[in-house]
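Residue numbers (the numbering used here): 6 to 84. Beta carbons: idealized from backbone N, C-alpha and C, even for Gly. Note that this is a predicted model, so its numbers are computed, not measured. Beneath this line is the structure, given in structure tokens, with notes to follow.
This is the structure:
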């Protein structure tokens with residue numbers, strides 16, 4: 006059994022804890038979101054709405070811009 010620090014070290018891309026504000030839009034509906042972390046391979050979001058894997062999502066991240074993405078999976082605290 007490994008602990009979380011072992012898992013983090015095996016990630017392909019380093020994850021950062023950003024301070025940027027984010028807005029998310031799914032099916033033209035803007036929803037409240039918090040950016041938990043971000044890497045070159047993806048982002049973890051806490052969304053105030055249920056979403057499904059493969060749902061398309063538009064992210065507007067302060068100081069970064071607009072990004073199109075697809076929900077890949079659910080996490081304990083987000084997607």
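Here residue 53 carries a coil assignment [DSSP, helix/strand/coil].
When the five nearest sequence neighbours on each side are left out, the beta carbons in the same chain lying within less than 7 Å of the beta carbon of residue 49 are those of 41, 42, 80, 83, in order along the chain.
In the three-state reduction of the DSSP assignment, residue 70 falls in the strand class. Contact annotation: residue 22 and residue 64 have beta-carbon atoms that are not nearer than 9 Å. Take residue 53, set aside five residues on each side of it, and the residues of its chain with a beta-carbon closer than 8 Å to its own are 36, 37, 38, in chain order.
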